[in-house]
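Numbering (this note's numbering), first residue to last: -19 to 39.
All C-beta atoms in this analysis are idealised placements derived from N, C-alpha and C, irrespective of residue type, glycine included.
Since the structure is predicted, the reported quantities are computational estimates derived from the model, not experimental observations.
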Amino acid sequence: MPGSDLSQPASSTEPSRRSACITVSTLSAITSRLTSEKCMPSWPIEIPSDTEMVPNSSG
């Protein structure tokens, strides 16, 4: 019979509290990302830079 020659008997396991927190955190991140994408425009927005461009002196 397949699976009858296991070296250890089967045991039931329970998820840890940390595992549950990670699951909730992951679901929260997915939900946040999905809802924020709805607010993003479908085209890029041009925003002027406040950083001054300096030419490379070695070139």
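Straight-line gap, residue i to residue j (C-alpha atoms, nearest Å)
i	j	result
Thr6	Arg(-2)	12 Å
Asn36	Ala9	41 Å
Ser29	Trp23	18 Å
Ser16	Ser(-9)	42 Å
Thr3	Glu26	37 Å
Thr(-7)	Ala0	14 Å
Pro21	Thr11	18 Å
Check: residue i C-beta below 7 Å from any heavy atom of the ligand FAD
i	result
Ser29	The model depicted lacks the ligand FAD and carries no ligand whatsoever.
Self-check item: Segments of 3+ residues assigned as beta strand (DSSP E) that fall wholly inside the segment -6 to 38
Solution: none
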